[in-house]
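Below is one structure, written out as structure tokens; comments come after it.
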Amino acid sequence: MTEGDIFKDMGVIPVRRMNRSGRPSPHLSLSFDSHLFSIDTSRSPKGRRQPDAYLITHAHSDHYGKSAMLSADAIATMETARALRIRHERRYEGRTVSAGGSIQVDDLEVAAYSTGHTIGSVAFGWETDSGVRVLVTGDIKNYENLPRCDLLVTEANYGDPWDPACRFEDDIVGFGDAVESGATFGAYAFGKAQRAVSLIRALGCRETVGMDDKSLALTKELLPGYGPFTPMEENGSDLNVVSPWELSRVKSQRKYVLTGRSDLPFPQIRLSDHLDFKGLMRMVEKTSPDAALIYHPEGSRANMMAHHLRELGMASISVSEIKDFF
Numbered sequence: 000m001t002e003g004d005i006f007k008d009m010g011v012i013p014v015r016r017m018n019r020s021g022r023p024s025p026h027l028s029l030s031f032d033s034h035l036f037s038i039d040t041s042r043s044p045k046g047r048r049q050p051d052a053y054l055i056t057h058a059h060s061d062h063y064g065k066s067a068m069l070s071a072d073a074i075a076t077m078e079t080a081r082a083l084r085i086r087h088e089r090r091y092e093g094r095t096v097s098a099g100g101s102i103q104v105d106d107l108e109v110a111a112y113s114t115g116h117t118i119g120s121v122a123f124g125w126e127t128d129s130g131v132r133v134l135v136t137g138d139i140k141n142y143e144n145l146p147r148c149d150l151l152v153t154e155a156n157y158g159d160p161w162d163p164a165c166r167f168e169d170d171i172v173g174f175g176d177a178v179e180s181g182a183t184f185g186a187y188a189f190g191k192a193q194r195a196v197s198l199i200r201a202l203g204c205r206e207t208v209g210m211d212d213k214s215l216a217l218t219k220e221l222l223p224g225y226g227p228f229t230p231m232e233e234n235g236s237d238l239n240v241v242s243p244w245e246l247s248r249v250k251s252q253r254k255y256v257l258t259g260r261s262d263l264p265f266p267q268i269r270l271s272d273h274l275d276f277k278g279l280m281r282m283v284e285k286t287s288p289d290a291a292l293i294y295h296p297e298g299s300r301a302n303m304m305a306h307h308l309r310e311l312g313m314a315s316i317s318v319s320e321i322k323d324f325f
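The numbering of the sequence shown is numbering that gives the first Met the number 0, which starts it at 0 and goes up by one.
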């Protein structure tokens, strides 16, 4: 029996949509019973089959909420909806669900589970008519809230077991030392910037944090009570959290980028919003699926993680191996 047969036996068929250039559109949809759920995708053009729901796991641009947020069938948490509105200056037209809560899609109850990747990021889970438990994680940092499932649809940002860069620990000690000495941190405006501010406050630092405009707007909206904040141009101290491309504008003796990347011209402090490979495997063990679909990002890491799971005896495919289109 092939991996494709396993999915058919479950009654959950992963499908993709072709765009006008003849290439697959981002990510995927799941067809089951009488439903079609699109997972972190752009909207379907008029004239194409429309999904019952666009599930937006979080507001990062590579999960295509900028497009899906304009549909009345979009589903996201209130925090994700607010982040999308600020990031893209558009009205969120869909419905919202709270992390730990659930929402009805026709006759189906869809639950939302916090994943710790960004403020408001969630996994979505539901049970099909035949009792198959489906779990779609999105990007994930904390798997403690996730339930057991039969079919796991998950990420592989650090899913390659043979790549040393996929095994790491966050450098919280190094980050704390830099905060204590007074430093400017380069962090993406949504997600990483809010995590940096949360850690700064958790370390007991109550200094004013300087931020660029977009980071400041998002942090004030999503972390009320975590101030004081100020625009970076008006900050009288060296403590700033700004987008990486704003680092050169900040007058500070100590500058760091909060990333695992090595292609930026500043020292790095490892502070990831993802599970590393070991964490992903622990997440798979906890959720205990019979089959897995690795859907993000498309490419070698998803392929390698799917291959690794097959070697462990689990039916698994990556998004690039999906053969059904609509």
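Using N, Cα and C, we set each Cβ at its ideal position, and we do this for glycine too.
The beta carbon of D72 sits closer than 6 Å to those of A52 and Y53, all from its chain and outside the five residues before and after it, given in chain order. The Cβ atoms of F228 and L246 lie no closer than 8 Å to each other.
For G46, the closest C-alpha among the options V135, R16, V131 and I38 is that of R16. Judged by their CB atoms, G158 and L279 are nearer to each other than the 8 Å cut-off. Taking every protein chain shown into account, the CB of F324 has fewer than 16 other CB atoms within 10 angstroms, so this residue is exposed. Here the segment 80-91 lies against the segment 57-65, with 3 or more beta-carbon pairs under 8 Å apart. One Cα belongs to E143, the other to M282, and the distance between them is close to 8 Å.
In the structure shown, V256 falls within a strand segment according to DSSP collapsed to helix, strand and coil.
With a threshold of 16 other beta carbon atoms within 10 Å, N18 falls short and is exposed. Residue range S299 to E310 is occupied by the alpha helix (DSSP H) that includes M303. At the C-beta level, S242 and A188 come within 8 Å of one another. Distance from the CA of S129 to the CA of V11, rounded to the nearest whole angstrom, comes to 10 Å. Excluding the 5 residues flanking it on each side, L35 has same chain C-beta neighbours closer than 7 Å at S28, R48, P50 and D51, in chain order. The C-beta distance from D138 to E126 rounds to 23 Å, too long to fall under 8 Å, and the pair is not in contact. If you look at M210, you'll find it in the beta strand (DSSP E) that goes V208 to M210. Rounded to the nearest whole angstrom, the C-alpha separation of T95 and M313 is 34 Å. When the beta-carbon positions are compared, Y294 and V109 stay at least 8 Å from each other. Per DSSP, T229 is one residue of the beta strand (DSSP E) stretching across F228 to P230. Here DSSP, grouped into helix, strand and coil, assigns P13 to strand. Under the DSSP definition of a beta bridge, R132 partners with E126. The segment 171-248 contains, as complete beta strand (DSSP E) runs of 3+ residues, the segments 183-185, 208-210, 228-230 and 239-241 (chain order). In this structure, the beta-carbon distance from K285 to L145 falls below 8 Å. Counting only the Cα atoms, S251 lies some 12 Å from V240.
Just so you know, the alpha carbons of A182 and S66 end up roughly 36 Å apart.
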